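The sequence shown begins at 22 in the numbering used here and counts up by one. Cβ atoms here follow ideal geometry from the backbone N, Cα and C, with glycine treated the same way. Computed from a prediction, not measured in an experiment: that's the story for all the values here. Notes for the one structure printed next.
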Amino acid sequence: MSKGPILKVHNLKKYYPLKSGIFKKTENSVRAVDGISFHIDPQETFSLVGESGCGKSTTGKTILRLHEPTSGEVLFNNKDILSYSKKEFRKKRKDLQMIFQDPYSSLNPRMSVRNLLLEPLLTHDICSKAEAKERIIDIGKKVGLSKEQMSRHPHEFSGGQRQRISIARALILNPKIVILDEAVSALDVSIQAQILNLLMDLQEDLKLTYLFISHDLNVVKHISNRVGVMYLGQMMEMANTEELYENPLHPYTQSLLSAIPSTDPTHKKQRIILQGDVPDAANPPTGCPFRLRCPKAHDRCAIEKPAYQEVAKDHWAACHLYDKGEQLKKNDFISSTNLI
Ligand code: SF4
């Protein structure tokens, strides 16, 4: 195992060009991911959260080059995988796997579970047929699929069981990093808990590193070691899980966390309602990307983009409220007009 982070993402950008006219000239770009940086340590779970369209799923797909990045670096064990040719990257691809939200559309309905698990082994040509047979039985056991279920087809399973098949298909290649893109979002709450527990057991057993992408802050709190909060393709805040949930610094994180229902009925929570919608990623606002919805926005926020800075140890935020000499305190943030 390498020392230090297993994955480092540096200033990653993914812009989708908007073309128009008969010559299909690029007029503008949708900045889906706009210069984000983070790292993940071995066997850690790092989560990306944010509203729909914030760029978290595109980040995952860009790391795996399912969408080619516009610029930036993705260092896997200190090697920039974006600099690999497509052929070189295909060899590395088995080390980085992805599990999607909808297992039904990611599993070929005409293939049995056994063949679904055999296919990646044959594609990557990493073991003999006899070994493959053993691996299939072994991974089936690990994810809770019986020998008898191996000859069935995806439509014969429930949503939770289908996600177990997707997990088995990703893990049969012995990956180092697994990107889970809203992997439990489509499941009932009780099944969600089972799959989350399974993922945590597998992480320990197989020494896996997870990049967990979700809009569900309860789920993220349960599974993550550290969390990054994204808005309009940029990182707004990043800290370890306990610190972020106990002491959110960025107004956007504060509003997201205020929307989680309290488990204590005697505790009356102040909910912060954000005004307006997420701006168009093709025409982001000047200055701070969050300023059009931020209840604490001030003149400077429209002019100057806040630096993404380490406000406390290992706690990063991009907000002028935390610039040196700034007199505003985070606890002043909740204004009465935004409470219900
Ligand atoms: Fe709000 Fe300004 Fe901070 Fe942006 S920089 S989050 S607009 S206070």
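Less than 7 Å separating the Cβ of residue 336 from some heavy atom of the ligand SF4? Position 315 of the sequence shown, counted from the start, is the residue given in the question as residue 336. Every heavy atom of the ligand SF4 is 7 Å or more from the Cβ of residue 336, so no.
Could you check whether residue 27 and residue 61 sit closer than 8 Å to each other, using their CB atoms as the reference points? Your numbering for residue 61 matches position 40 in the sequence shown. Your numbering for residue 27 matches position 6 in the sequence shown. Their beta carbons are under 8 Å apart, which means residue 61 touches residue 27 by this criterion.
Nearest-angstrom Cα separation, counted from residue 251 out to residue 147: Here residue 147 refers to the residue found at position 126 of the sequence shown. Here residue 251 refers to the residue found at position 230 of the sequence shown. If I take the Cα positions, the gap works out to 37 Å.
Using a threshold of 7 Å, is the CB atom of residue 327 nearer than that to any non-hydrogen atom of the ligand SF4? Counted from its first residue, the sequence shown places residue 327 at position 306. Under cutoff, so the answer is yes.
Report the partner residues of residue 336 according to the DSSP bridge assignment. On the sequence shown, residue 336 is found 315 positions in, with the first residue counted as 1. DSSP output for residue 336 lists 333 as bridge partner(s).
For residue 113, the nearest candidate out of 124, 101 and 122 (CA to CA): Translated into the one-based positions of the sequence shown, residue 113 becomes position 92. It is 101.
Rounded to whole angstroms, how far is the Cβ of residue 338 from the Cβ of residue 288, which I believe are closer than 8 Å? One-based indexing of the sequence shown puts residue 338 at position 317. One-based indexing of the sequence shown puts residue 288 at position 267. Not really, about 26 Å apart at Cβ, beyond 8 Å.
If you run the structure through DSSP and keep just helix, strand and coil, what is residue 360? In the sequence shown, counting from the first residue as 1, residue 360 sits at position 339. In this prediction, residue 360 scores a pLDDT of 36, lower than 50, which makes its location untrustworthy; no coordinate-derived value is stated.
Quick one: what does DSSP say residue 56 is sitting in, helix, strand or coil? By one-based count along the sequence shown, residue 56 stands at place 35. The answer is strand: DSSP assigns residue 56 an E or B state.
In the DSSP assignment, the beta strand (DSSP E) including residue 243 goes from what residue to what residue? Here the question's residue 243 lines up with position 222 in the sequence shown. Counting along the chain, residue 243 falls outside any beta strand (DSSP E), though it belongs to the alpha helix (DSSP H) covering 238-244.
If you scan the region 267-338 from start to end, which runs of the alpha helix (DSSP H) of 4 or more residues do you find wholly inside it? Runs of the alpha helix (DSSP H) inside the region 267-338: 272-279 and 320-324.
Element boundaries [beta strand (DSSP E), containing residue 174]: Residue numbering aside, residue 174 sits at position 153 when the sequence shown is read from its first letter. Careful: residue 174 lies outside any beta strand (DSSP E) and carries neither H nor E.
For a minimum of 4 consecutive residues, which ranges assigned as the alpha helix (DSSP H) are wholly contained in the region 65-145? 77-84, 107-113, 124-127 and 134-145
Within the present structure, is the beta-carbon of residue 219 separated from the nearest heavy atom of the ligand SF4 by less than 7 Å? Mapped onto the sequence shown, residue 219 falls at position 198. At a cut-off of 7 Å, the beta-carbon of residue 219 does not count as near the ligand SF4: no heavy atom of the ligand is closer than that.
Rounded to the nearest angstrom, what separates residue 172 and residue 133 at their Cα positions? Taking the sequence shown and counting its residues from 1, one reaches residue 172 at position 151. Taking the sequence shown and counting its residues from 1, one reaches residue 133 at position 112. When rounded, the distance between both Cα atoms is 5 Å.
Are the region 114-123 and the region 150-161 touching by the rule of at least three beta carbon pairs closer than 8 Å? no
Alpha-carbon spacing of residue 86 relative to residue 103, whole angstroms: One-based indexing of the sequence shown puts residue 86 at position 65. One-based indexing of the sequence shown puts residue 103 at position 82. If I take the Cα positions, the gap works out to 8 Å.
How about residue 261 and residue 246: are their beta carbons less than 8 Å apart? Residue 261 sits at position 240 when you count from the first residue of the sequence shown. Residue 246 sits at position 225 when you count from the first residue of the sequence shown. It is a contact, given that the beta carbons lie within the stated cut-off.
If you reduce the DSSP assignment to three classes, tell me which class residue 30 lands in. For the purposes of this step, residue 30 is taken as residue 9 along the sequence shown, with counting starting at 1. Looking at residue 30 - three-state DSSP - the assignment turns out to be strand.
Beta carbon of residue 117, beta carbon of residue 97: below 8 Å? What you label residue 117 is simply residue 96 of the sequence shown in a count that begins at 1. What you label residue 97 is simply residue 76 of the sequence shown in a count that begins at 1. Yes. Within cutoff.
I need the straight-line Cα distance from residue 36 to residue 310, nearest angstrom please. Position 15 of the sequence shown holds residue 36. Position 289 of the sequence shown holds residue 310. Cα-Cα distance, rounded: 16 Å.
Rounded straight-line distance, which links the Cα of residue 46 to that of residue 280: To locate residue 280, count along the sequence shown from 1; it is residue 259. To locate residue 46, count along the sequence shown from 1; it is residue 25. If I take the Cα positions, the gap works out to 42 Å.
Any contact between the region 313-325 and the region 291-304? By contact I mean 3 or more CB pairs, one from each, below 8 Å. Result yes; three or more Cβ-Cβ pairs closer than 8 Å.
Quick check on residue 203: does DSSP put it in helix, strand or coil? Along the sequence shown, one-based indexing puts residue 203 at 182. Here residue 203 sits in coil by DSSP.
Here's a check: name, in chain order, each residue in its chain whose Cβ is nearer than 6 Å to the Cβ of residue 349, leaving out the five neighbours to either side. What you label residue 349 is simply residue 328 of the sequence shown in a count that begins at 1. Its pLDDT being 46, under 50, residue 349 is placed unreliably in this model, and the coordinates cannot settle the point.
Straight-line Cα distance separating residue 78 from residue 326: Working through the sequence shown from its first residue, we reach residue 326 at position 305. Working through the sequence shown from its first residue, we reach residue 78 at position 57. Taking the straight line from one Cα to the other gives about 24 Å.
Would you kindly report the start and end of the unbroken alpha helix (DSSP H) that includes residue 155? Position 134 of the sequence shown, counting from 1, holds the residue named residue 155. Run containing residue 155: 150-164, per the alpha helix (DSSP H) assignment.
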